[in-house]
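**Student:**
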Ligand code: SF4
Ligand code: SF4
Ligand code: SF4
Ligand code: SF4
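In the numbering used here, the protein residues as written are 992 to 1304.
#1: Out of 994, 1069, 1053, which has the shortest C-alpha to C-alpha gap to residue 1031?
#2: Please classify residue 1124: is it buried, with 16 or more other beta-carbons within 10 angstroms of its beta-carbon, or exposed?
#3: So what's residue 1075 in DSSP terms, helix, strand or just coil?
#4: Taking DSSP as the reference, what is the three-state secondary structure of residue 1203?
#5: Under the three-state reduction of DSSP, which class applies to residue 1216: helix, strand or coil?
#6: Between residue 1063 and residue 1092, which are expected to be in contact by the criterion C-beta below 8 Å, what is the C-beta distance as a whole number of angstroms?
#7: State the DSSP-derived secondary structure class of residue 1292, mapped to helix, strand or coil.
#8: Within a Cβ cutoff of 8 Å, which residues of the same chain sit near residue 1150, ignoring the five residues on either side of it in sequence?
#9: Counting only beta-carbon separations shorter than 8 Å, does residue 1074 have a partner in chain D?
#10: On the DSSP letters alone, give me the boundaries of the alpha helix (DSSP H) that residue 1089 sits inside.
#11: Quick one: give me the first and last residue of the alpha helix (DSSP H) that residue 1097 is part of.
#12: Quick one: what's got a C-beta closer than 8 Å to residue 1277's C-beta in the same chain, skipping five residues either side?
#13: Let me know the secondary structure DSSP gives residue 1279 once reduced to three states.
#14: Between which two residues does the alpha helix (DSSP H) carrying residue 1060 extend?
#15: What are the complete alpha helix (DSSP H) segments, minimum 4 residues, inside the stretch 1222 to 1248?
#16: Alpha carbon to alpha carbon, how far is residue 1136 from residue 1173?
#17: Please report how far the alpha carbon of residue 1118 lies from the alpha carbon of residue 1059, in whole angstroms.
#18: Counting pairs of beta carbons, one from the stretch 1072 to 1086 and one from the stretch 1020 to 1028, are three or more of them closer than 8 Å?
#19: Nearest-angstrom Cα distance between residue 1282 and residue 1056?
#20: Whole-angstrom Cβ separation of residue 1291 and residue 1104, contact assumed at under 8 Å?
#21: So, under 8 Å CB-CB, residue 1250 and residue 1208 are touching, yes? Tell me the CB distance rounded to an integer number of Å.
#22: How is the alpha helix (DSSP H) around residue 1045 delimited, first residue to last?
#23: For residue 1304, I'd like the list of residues in its chain whose CB is within less than 6 Å of its CB, leaving aside the five on either flank, ordered along the chain.
#24: According to DSSP, is residue 1261 part of a helix, a strand, or is it coil?
Below is the structure:
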């Protein structure tokens, strides 16, 4: 981690952020759990939620608002979910983004571009996972580079159409204790988890409730073979927000393990998908760096052609 260089101090900032979120950046004891768990930090080595928290506590408003790092955040909330001190780095970052816009540090175009990038990368991720899982199940080898290129071509042409469920009622499930412990049978289908899920926000067809309900309705084979399981990034936000105590993230992780145990998916799948994720995160970060250079422009460059330049497709 780069050293924090304090050049500006805003004495009211830490109070504003802490009051806003009712949770203390001052309570951070710098354990680093949030940073280790942050998917962006893990994949591209940039964005350090612990550092954001400390900079907030120091009142370093200028440095935070002039840093591209707050725009690299996916707002998945993993950092907030894992913090033993109940500090909330994710909403603090959100606060700074809004402040940056309010103070004209970035344009509205820039913020829309960031949102568009998030959706585009997640859609490409879905396409990449579908291609990779199809290749594995067909026993074919593939290269990460090729899959990524094809995934972006597919993502560019894809409309965000939410899939209509074709489930037929088939209540013949045999639920093991390990799965029951996740409390998924208590689900009231309120969809609070869906609206809070970072992946659902970008991929209309991905829905933690749909995964739970598909399993609950006895369509086990269908859900164990679905790419949807693997799109979940285990951020645990669905579990945190559920008033019914359902641990959606734990259920999905157990279903992933079941798919491997039953050899529906190969045992090395986690590592292979992590390679795809790393490649996608690098492309995402590069797009955001380029956009950051243009953050005060009112006209923006074309996202898919920037991705084409980066991937060389
Ligand atoms: S997990 Fe919490 S206490 Fe630990 S460094 Fe992050 S914000 Fe601080
Ligand atoms: S919200 Fe997610 S991406 Fe953003 S800092 Fe926290 S863990 Fe990292
Ligand atoms: S938040 Fe809980 S009760 Fe609501 S849909 Fe999700 S799992 Fe079900
Ligand atoms: S379904 Fe997965 S990605 Fe979505 S909120 Fe739950 S753990 Fe996070």
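By construction, the Cβ of each residue, glycine as well, lies at the ideal position given by its N, Cα and C atoms. Keep in mind it's a predicted model, so treat the numbers as computed, not measured.
**Tutor:** Per the coordinate set shown:
#1: 1069
#2: buried
#3: coil
#4: helix
#5: Note: residue 1216 maps to coil in three-state DSSP.
#6: Not confirmed; about 16 Å, so no contact.
#7: coil
#8: Confidence is the limiting factor: at residue 1150 the pLDDT is only 42, short of 50, which leaves the residue's position unreliable, though a coordinate-based value still follows. Non-local beta-carbon contacts of residue 1150 in its own chain, meaning distances under 8 Å to residues more than five positions away in sequence, are absent.
#9: The chain labelled as chain D is not found in the depicted structure, where only one protein chain is given.
#10: 1080 to 1093
#11: Note, residue 1097: premise wrong, no alpha helix (DSSP H); not H, not E.
#12: Once the five neighbours on either side are set aside, the close Cβ partners of residue 1277 are 1301.
#13: helix
#14: 1060 to 1063
#15: 1228 to 1232
#16: 37 Å
#17: So the two alpha carbons sit approximately 28 Å from each other.
#18: yes
#19: 15 Å
#20: 5 Å
#21: Between residue 1208 and residue 1250 the Cβ distance is about 18 Å, and since that is not below 8 Å, they are no contact.
#22: 1040 to 1049
#23: 1140
#24: helix
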